[in-house]
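Per the working numbering, the very first residue in the sequence shown carries number 31; after that it's consecutive. Comments concern the structure below.
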Amino acid sequence: MKEIGNKEYKNIKKDTLIGTTGQNRRLEAIRITGKESFYLYRVHQKSIGWSEWANNGEWAGTTGKGLQMEALEIKKSMFSVEPHVQSKGWVDYGMITKDTIIGTVGEKKRIECLCFEGDFEYRVHIQNSGWTDWTRADGVATLGTVGQELRIEAIQFR
31 MKEIGNKEYK NIKKDTLIGT TGQNRRLEAI RITGKESFYL YRVHQKSIGW
81 SEWANNGEWA GTTGKGLQME ALEIKKSMFS VEPHVQSKGW VDYGMITKDT
131 IIGTVGEKKR IECLCFEGDF EYRVHIQNSG WTDWTRADGV ATLGTVGQEL
181 RIEAIQFR
């Protein structure tokens, strides 16, 4: 800020004021750092292939068409994921990087359950059940089913 210099703000919430009021000082520049909160993701589905990229809050995949989600790609790094894949069981990808394909492509194997660890929430659409509740990606909670041979059909992140 003019005549004040750089000021660092920590633990910013949605009602935090950046700058000054009533002092007639202009904000000359701003740099925002912190947790990545923008996600791009897409799914690979039986008979369709890759979906278009979805943004935060949008869902990727189909509902009501009976198509299984076979793979997932997320344009974000620094989180871990373990999917339960048809006939493969739990597959630990550990900490993934951008462009990691989660699941299978070309093997016709459904993703049945997912466990994420990261700073976000997600939900999935399960065959014959519909959408789950939003769940924090805490590395413990799973969404989907194991041993019931039910497919995940769509996913949504926020």
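Note that CB positions come from ideal geometry on N, CA and C, so glycine has one too.
In this structure, the CA atom of M99 is about 9 Å from the CA atom of K138. Proximity to I185 across Q178, C145 and T127 peaks at C145, based on C-alpha coordinates. With contacts defined by Cβ atoms closer than 8 Å, I132 and V111 form a contacting pair. Annotation note: the region 141–168 contains the following uninterrupted beta strand (DSSP E) runs of length 3 or greater, listed N- to C-terminal: 141–156 and 165–168. Annotation: V135 to V154 spans about 19 Å, alpha carbon to alpha carbon. When the five nearest sequence neighbours on each side are left out, the beta carbons in the same chain lying within less than 7 Å of the beta carbon of G124 are those of S110, in order along the chain. The DSSP-derived three-state label of E88 is coil. Each of W164, G119, W80 and G148 was checked against the Cα of L102, and the nearest Cα belongs to W80.
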